[in-house]
Each structure stands twice: as C-alpha cells, then as structure tokens.
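To keep things clear, I will list the structure first and then write my remarks on it.
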Amino acid sequence: MKNFKIVFSFVLFLLFGLSNAQKVGVVDTEYILGKMPQYKEAEARLNAQIDTWQTELQNLQAEYERKRSAFESEKVLLIGDQLKLREKEVMDLDKNIKTTTSLRFGATGEIKKLRANLVQPFQDQIWEAIKTMAEKNGLAIVLDKTSNNVIFLQKRSDYSDKVLAILLKDSEPKEKNKTRK
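The sequence shown maps to residues 83 to 263 in this note's numbering.
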C-alpha cells in the first residue's frame, strides 16, 4: 500500500509536470527585418542621408585643411588684426567640424535618432506578429535569436518564417492597393 501511494504520487506529479510544460519558440528579428522590403527601403533612405552628411563633413574637412595650410604658409606675412582674423577663421572652421560631427554622428546624434525612428515601427509590427503567432501555436515563451540568449536551437522551433509570412501577408494588400491607384 505504501509503494502504491509513492507510485501514485509519482504518476500524479509526472502528469502535472507534463501538463504544465511550456512550449518555447525562437525567432530571429534581424532575419525578419532583412526580409521586409519596407525596412530595406527605409534603411536605404537612411544610408543615403548618412552619405550626404559624410560628404558635407568631408567638404568641410577639405576646406579646413586648405585654409589651415594657407594660414600656416602666410602666417609670417600677416600682422596684428589680419593674423588674428585668419587664425580665428581656421579655429572657427575646426570648431564647426567638431560640432557637426558630434551633432550628426555622436552618441546622441541625429543618425542614432533617425535609426531609432526607422526601426521602431517595424519592431512594433514584428512584436504584434510574434504575439499572433505565439497565441496561434500555443507558445508560452518566444526567444529572439539575435539577442544571443539561445544556446541550442532545433530548426522546428524557429518560427521566423511564420512571423515573416504574417508580416508579408499583411503588407501585400496595401501594396496591391497602391498599384491599382
């Protein structure tokens, strides 16, 4: 009788444990973003803006180098106010380059803000699609492969393509409506 209670308790514990098992799924958000045409277009626009700013900065740098070398070579010929004026021009240009670099390319620069604004709407779409997919597949936990939190992954647990299918299915009618107009 005592053995029966132990076995019965073990079976109940085993059944309870199996009934509470949680399904886990994994998605790769970088992979999904890479497959979304709207994200690629937005990223291309951002990269074009970055290229424009880099060109402007290179032009400022070239102008600074030209004025600095001209100032250095004419320095001995300049006197008084002329010397101070030319030196101030060169220093102001150098300061302008540093300020522009910091404002556009710094840690809190325009590029970082633009990139955050670019990614946020797509992340919101992905999270909604993940929520839909998780509810549909009975998943309790969904991990992101990109955050390096996955140690082992079987391909059958990767739901990235299903999330992508949901996103692309949602975007297709919008694209068809645009082509009809």
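Glycine residues also receive a C-beta, built at the ideal position from the N, C-alpha and C atoms. This structure is a prediction, so every number in the text was calculated from the model and none was measured.
Taken atom to atom, the span from the alpha-carbon of residue 213 to that of residue 177 is near 49 Å. In this structure residue 216 is in contact with residue 224, their Cβ atoms being roughly 5 Å apart against a cut-off of 8 Å. Listed in chain order, the non-local C-beta contacts of residue 115 below 8 Å within the same chain comprise 121, 201, 204 and 208, local neighbours out to five positions each way being set aside. Taking residue 129 as reference, the option from 222, 253, 196 and 240 with the minimal CA-CA separation is 196. As the crow flies, the alpha-carbon of residue 199 is around 11 Å from that of residue 125.
Distance from residue 108 to residue 240 at the Cβ level is roughly 5 Å; contact confirmed, criterion being Cβ atoms closer than 8 Å. For residue 176, the secondary structure class from DSSP, reduced to helix, strand or coil, is helix. Between residue 171 and residue 187, the gap from beta carbon to beta carbon reaches 9 Å or more. Cβ-Cβ distances below 8 Å link residue 110 to 226, 227, 228, 240 and 242 in the same chain, with the five nearest sequence neighbours on each side left out; the list follows chain order. If you draw a straight line from the Cα of residue 147 to the Cα of residue 162, it is about 23 Å long. Excluding sequence positions up to five before and after residue 221, its CB lies within less than 6 Å of the CB of 105 and 107, all in the same chain and listed in chain order.
Here the alpha carbon of residue 164 sits roughly 22 Å from the alpha carbon of residue 142.
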